[in-house]
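Chains as they are written, first to last, in our numbering: chain A, 799 to 1089; chain B, -2 to 151.
Even glycine gets a Cβ: it sits at the ideal position worked out from N, Cα and C.
Structure record follows, encoded as structure tokens.
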């Protein structure tokens, strides 16, 4: 395993007219030149203080790990969908990141209005499902609430054409989960997993369960659930044989860096504590540490 | 009547719904959420006017409903399918009416892919939904209930 460079920082940031003292924080990501750096959040769009606090922590992290985009794992906007609610649940909490040029790429959850696909800040270009490429990483955002044959045919065609780089899929409902509230979406798994295996998808992100969980590799694929970036079901992670690491005590977000054949990950709590970190090699071995 | 023939009739009725409104202004990508909301409301209002007399059963006729019910109930015999619906946070039964707005504060129930594969394909902006015990055809852009089969699900 390549050694991880660890950076330590302490920051004071001014947000929303308040001065927040933030504790020291380790960055367990290598910040390699030319790497693809991004964050992942899920089930965040509550408009409640906890969402704002996670967003502030993301901003703090961005100061030392300048990720360029964020993938959104669904339930981007809970409850009311009026324009002022969209501002309260997306534009305002993430404004500092948007102002810093960070792009957001949405996937639809079961609480989302399908018309979010027309909202330019979510970069969906009017589509329920879509793909995009960053460096050597191909991303596929799916609408797992409505996996119709047309979407599945589109996914197969896109995966087949994606070439040799990293292939990362993300959507709302987890195919594997130890969450007590929903658990694994086994029926979605029966239609998606064969495509992932056939076309060499390496990593999958989902939300829906309001916890963080990293699953032991399943058929060579790494699965993460990050559904606690706004909502939280404390104590809801009932660790099973599937669980490689998990966290259900507070809100969290994921930061990631793809550098060559390595994908580094670091899950961070609202309080700034690293709750999981490690690296996935494309040879499909993982070395990770969870406190 | 054979299932294929009935489903063809359904597809033609959906297409007539699409043709009815093909000249109406559509959603487009924008940074302004109020523009999305305004366009959706305008589109919904225009469709309501064009379908002022629409009622439950116009698209899901008795014959079409019967075939849909057969497929739905057959598919729901699988425990994984029922689990998919449960995991999708099913909403309580609502009093639905054709041309009313889909209640956008409520979650969308996952439609089992094994069910979708057995039903007629829809145009991209249309979707099947499960709302309580009812099986719904939704215009996802106007967020309108186009038609529904009451009591389709146990």
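Does chain A have any CB closer than 8 angstroms to the CB of residue 30 of chain B? yes
Here's a check: name, in chain order, each residue in its chain whose Cβ is nearer than 7 angstroms to the Cβ of residue 952 of chain A, leaving out the five neighbours to either side. 927
Limits of the beta strand (DSSP E) - the one that residue 1066 of chain A falls within: 1060 to 1067
Host alpha helix (DSSP H) of residue 984 of chain A (start-end): 984 to 997
Under 7 angstroms between beta-carbons, which chain A residues line up against residue 105 of chain B? List them in chain order, please. 908, 943
Looking at residue 1040 of chain A and residue 81 of chain B, is the spacing between their C-beta atoms short of 8 angstroms? no
Distance between residue 837 of chain A and residue 812 of chain A (C-alpha atoms, nearest Å): In this prediction, residue 812 of chain A scores a pLDDT of 32, lower than 50, which makes its location untrustworthy; the coordinate-derived value is nonetheless stated afterwards. Spanning the two alpha carbons is a distance of roughly 22 angstroms.
Taking the alpha carbon of residue 966 of chain A as the reference point, which residue from A:880, A:930, A:988, A:947 has its own alpha carbon closest? A:930
Closer than 8 angstroms is the cut-off here; do at least three beta carbon pairs connect the region 835 to 849 of chain A with the region 1017 to 1036 of chain A? yes
Cβ-based burial, residue 914 of chain A [other Cβ within 10 Å; buried from 16]: buried
Are the beta-carbon atoms belonging to residue 855 of chain A and residue 1070 of chain A less than 8 angstroms from one another? yes
Closest by C-alpha distance to residue 96 of chain B, when choosing among B:13, B:7, B:60, B:42: B:42
Exposed unless 16 or more other CB atoms sit within 10 angstroms - verdict on residue 151 of chain B: exposed
Residues that residue 43 of chain B contacts on chain E, provided the C-beta gap is smaller than 8 angstroms: Here chain E cannot be found, since the structure's protein chains are A and B.
Buried or exposed, going by whether 16 or more other CB atoms sit within 10 Å of the CB of residue 23 of chain B? exposed
Would you say residue 21 of chain B reaches chain A, if we count a Cβ-Cβ gap shorter than 8 angstroms as a contact? no
Residues of the region 109 to 135 of chain B whose Cβ lies closer than 7 angstroms to any Cβ of chain A, in chain order: 109, 110, 111, 113, 114, 118, 124
What residues in its chain sit with their C-beta under 8 angstroms from that of residue 8 of chain B, if we drop five residues either side in the sequence? 117, 118
With 16 other Cβ atoms within 10 Å as the buried cut-off, status of residue 1007 of chain A: buried
Assuming residue 848 of chain A contacts residue 1068 of chain A under a Cβ cut-off of 8 angstroms, what Cβ separation, rounded to an integer in Å, is found between them? 7 angstroms
Along the alpha helix (DSSP H) that carries residue 965 of chain A, what are the first and last residues, could you check? Not the alpha helix (DSSP H): residue 965 of chain A falls in the beta strand (DSSP E), residues 964 to 968.
Leaving out the 5 sequence neighbours to the left and right, which residues in its chain are closer than 8 angstroms to residue 899 of chain A when beta-carbon positions are compared? 866
Is the distance from the Cβ of residue 1017 of chain A to the Cβ of residue 991 of chain A below 8 angstroms? yes
Under 9 angstroms from the C-beta of residue 143 of chain B: neighbouring residues of chain A: By Cβ distance, chain A contributes nothing, its closest Cβ being about 14 angstroms from residue 143 of chain B, past 9 angstroms.
Could you check the C-alpha separation between residue 136 of chain B and residue 936 of chain A for me, to the nearest Å? 31 angstroms
Can you give the beta carbon distance from residue 1035 of chain A to residue 1044 of chain A, rounded, assuming they're within the 8 angstroms contact cut? 5 angstroms
Can you name the residues that DSSP bridges to residue 835 of chain A? A:1055
For residue 1037 of chain A, does the three-state DSSP call read helix, strand or coil? coil
Residue range of the beta strand (DSSP E) that includes residue 1004 of chain A: 1001 to 1004
Which value, in whole angstroms, describes the spacing of the CA atoms of residue 98 of chain B and residue 106 of chain B? 16 angstroms
Nearest-angstrom Cα distance between residue 1073 of chain A and residue 853 of chain A? 17 angstroms
Should residue 948 of chain A be flagged as near chain B, meaning a C-beta pair shorter than 8 angstroms? yes
Is the beta carbon of residue 30 of chain B closer than 8 angstroms to that of residue 1090 of chain A? As displayed, chain A neither begins before 799 nor continues past 1089, which places residue 1090 of chain A out of reach and without an answer.
Am I right that residue 875 of chain A and residue 888 of chain A are in contact with their C-beta atoms under 8 angstroms? What's the rounded C-beta distance? 6 angstroms
Residues of the region 1010 to 1022 of chain A with Cβ closer than 8 angstroms to any Cβ of chain B, in chain order: none
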